[in-house]
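Residue numbers (this note's numbering), protein chains in the order written: chain B, 86 to 606; chain G, 15 to 169. C-beta: ideal position from N, C-alpha, C; glycine also.
What follows is the structure in structure tokens.
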């Protein structure tokens, strides 16, 4: 008890010290185990967002690349490929840079590209990976976006090591700037991609079928794990993380990017062997604007029960408390591929339909294929993951987490309010379901990110969704951000396990964001 | 800049689109079945002719985005215009009293309906705010592929 009181006293003193006299509140000094040495080695990174280089409108932007950190605060080398739809900048050399890592895992990363530089906020989730947001705001460009970085294994950079089945989710824009989701699987073998099968939602037009492709090492830049691929007729650059993960970015016909993840032999081949609860999250474009859906279901063979889903469709919030005619089916011809269907009693003429590709018994990608009146209701995809570790409580939802959300919010452009991209990256310590930490936020219309907001809030746990009173078993989270003033954003949260949760805002029609809460290791 | 160019190309094409779309459609008057209005179908399109009562880049009612209150012969109608930056990029300003023609259709959102604009025309200026499948012409994907990778939390 004395130790606790001492800790509280110290925390109080630090908090007081953090409050400056000009009305701006700063977070207390970070505590934790991380140092610059925690970021040491070669990392493959991706971000997706927007850039602004002048003119009236921002341009969508995707980055995929590799940087090398020396453990001392220096970026020694790297390369990135950039796709702004219709304008691909291949193999930009990262000539240097720097980074910081605070004790709490928050930090900064600057990549030097010759005379230009790009800046990121980072939060380490381990010494092998972390989350990042693009915080570039300089005289030559502004760019934002959310992403992550994962330590590469240089020993896996041979294409011959990319072998076996892989599941992928490439999302973004087609060649006409329309939303597109392209998910599927292929089998790699010595540079050939065969037995490919895809599901595509291109601007509301669904298609599926088989494909082949090629995967080739970049002889010049192979030391970065970089290579070139042809997947279903579209050109990509890729960066090998290791034999289990390859990061792709398209280089023609639009702007698609995403990872291919090795498919294990644990994927169920018979629906009768599927006995698990799952959490899903999809996001994308609907006819009403942006859309996010987060939900869960329990599968017992083909039978699906305990369907819960929360949707933010263009700022309109929908709670699905149950699903009728709910089932899953597996595609015998394409291992890991399956469908999930259920009907929200409130939307009888638009039964929810999803296609998924499992990379393991517990992980996969998922694409929404809901149709109403012969038309697609959205272009959205995301993640499906087995729900484990319940019951969730203050005893297991505890410790330090990285928190990231991305989406749209209403922002003031000076003369009027406009919807634009919003990206937030935070590190929080969760104790007794209370959140305390610090965050950076980039509301892109403002042109400059805001750093070091005091982050506080709370999580309310009602269950894992298996309760017979489904509607009452939703978990919620509120996040309060304070700098010179405060904003509170409210979310519905679905825990995948105590270390990982997906969330979307369930209030405020002027914000459509979804995100992840992920424990730090 | 690319985005702006795309919008300009879209504007050039609108004359053709408007010519075929507007001549064949009647102004909407029927009560919609909300269960059938959760996807966009150009075959259902109609047009509104009216005068701008109020234009707002943000609204108290969803969908999120710009709305215009239009005085039509059938009364006032709330029209969703999507991201106001698209209108701005197309150099189309909407002010009270402006006469406009809006091509679109009624969509359902929850239990209510609203008129979703696809093409906004003022005089000789026209801007496409949705594509022919109903998706807003600004990229509205709210979560990046990169973030989805993070969500997988595989590592």
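Here residue 280(B) has 271 and 272 as same chain residues with Cβ atoms under 7 Å from its own Cβ, once five neighbours each way along the sequence are excluded. With contacts defined by Cβ atoms closer than 8 Å, residue 278(B) and residue 299(B) form a contacting pair. Residue state for residue 531(B) is assigned as helix, using DSSP reduced to three classes. The C-alpha of residue 493(B) lies about 10 Å from the C-alpha of residue 400(B).
Counting only runs of 3 or more residues that sit fully inside the segment 478 to 564 of chain B, the beta strand (DSSP E) segments are 484 to 497, 502 to 516, 519 to 528 and 535 to 545, in chain order.
Under the 8 Å criterion on CB atoms, residue 443(B) is classed as non-interfacial with respect to chain G. Bounds of any beta strand (DSSP E) do not take in residue 114(B), whose DSSP letter is neither H nor E.
When C-beta distances to chain G are compared with 7 Å, the residues of the segment 495 to 516 of chain B below that value are 495, 501, 502, 503 and 504, in chain order. In this structure, residue 502(B) sits near residue 72(G), with a CB-CB distance shorter than 8 Å. A check of alpha carbon separations from residue 387(B) across 443(B), 378(B) and 360(B) identifies 360(B) as the nearest. Nearest neighbour of residue 63(G) by Cα position, chosen from 134(G), 100(G), 94(G) and 96(G), turns out to be 134(G).
With contacts defined as CB atoms closer than 8 Å, residue 343(B) and residue 259(B) fail to qualify as a contacting pair.
Taking C-beta atoms as the reference points, residue 465(B) and residue 266(B) count as a pair closer than 8 Å. In the structure shown, residue 101(G) falls within a helical segment according to DSSP collapsed to helix, strand and coil. For residue 78(G), the number of other beta carbons within 10 angstroms of its own is at least 16, and it is reported as buried. Rounded to the nearest whole angstrom, the C-alpha separation of residue 230(B) and residue 135(B) is 6 Å. With respect to chain B, the C-beta atom of residue 109(G) has no partner C-beta closer than 8 Å.
Distance between residue 130(B) and residue 235(B), taken at the CA atoms: about 6 Å. The three-state secondary structure of residue 414(B), taken from DSSP, is strand.
The beta-bridge partner set that DSSP reports for residue 172(B) consists of 169(B).
When C-alpha distances from residue 109(G) are compared across 152(G), 51(G), 83(G) and 94(G), the shortest belongs to 83(G).
A straight line joining the alpha-carbon of residue 591(B) with that of residue 396(B) spans about 8 Å. Three or more beta-carbon pairs drawn from the segment 425 to 438 of chain B and the segment 404 to 412 of chain B are found closer than 8 Å, and the two stretches are therefore classed as touching. Looking at the backbone, the Cα of residue 52(G) and that of residue 504(B) are separated by about 22 Å. Under the 8 Å Cβ criterion, the segment 459 to 477 of chain B counts as touching the segment 541 to 559 of chain B, having at least three qualifying pairs. The beta carbons of residue 380(B) and residue 394(B) sit about 3 Å from each other, so the pair counts as a contact at 8 Å. Judged by beta-carbon spacing, residue 248(B) lies beyond the 8 Å limit of residue 288(B), meaning their Cβ atoms are not closer than that value.
Residue 119(G) and residue 123(B) have their C-alpha atoms some 55 Å from each other. Note on residue 90(G): under 16 other CB atoms within 10 angstroms of its CB, so exposed under the neighbour-count rule. DSSP places residue 319(B) in the strand class (E or B) of the three-state scheme.
Under the Cβ criterion (8 Å, minimum of three pairs), the segment 443 to 453 of chain B counts as touching the segment 420 to 433 of chain B. Contact annotation: the segment 455 to 465 of chain B does not touch the segment 559 to 566 of chain B, with fewer than three C-beta pairs closer than 8 Å.
Within the same chain, Cβ atoms closer than 8 Å to the Cβ of residue 239(B) are found at 127, 308 and 310, the five residues on either side in sequence being excluded.
Here the segment 530 to 537 of chain B makes no contact with the segment 513 to 522 of chain B; the two share fewer than three CB pairs at distances below 8 Å. When 8 Å is used as the limit between beta carbons, residue 300(B) is near no residue of chain G, the shortest such separation being about 19 Å.
For residue 349(B), no chain G residue has a Cβ inside 8 Å of its Cβ, as the nearest lies near 11 Å away.
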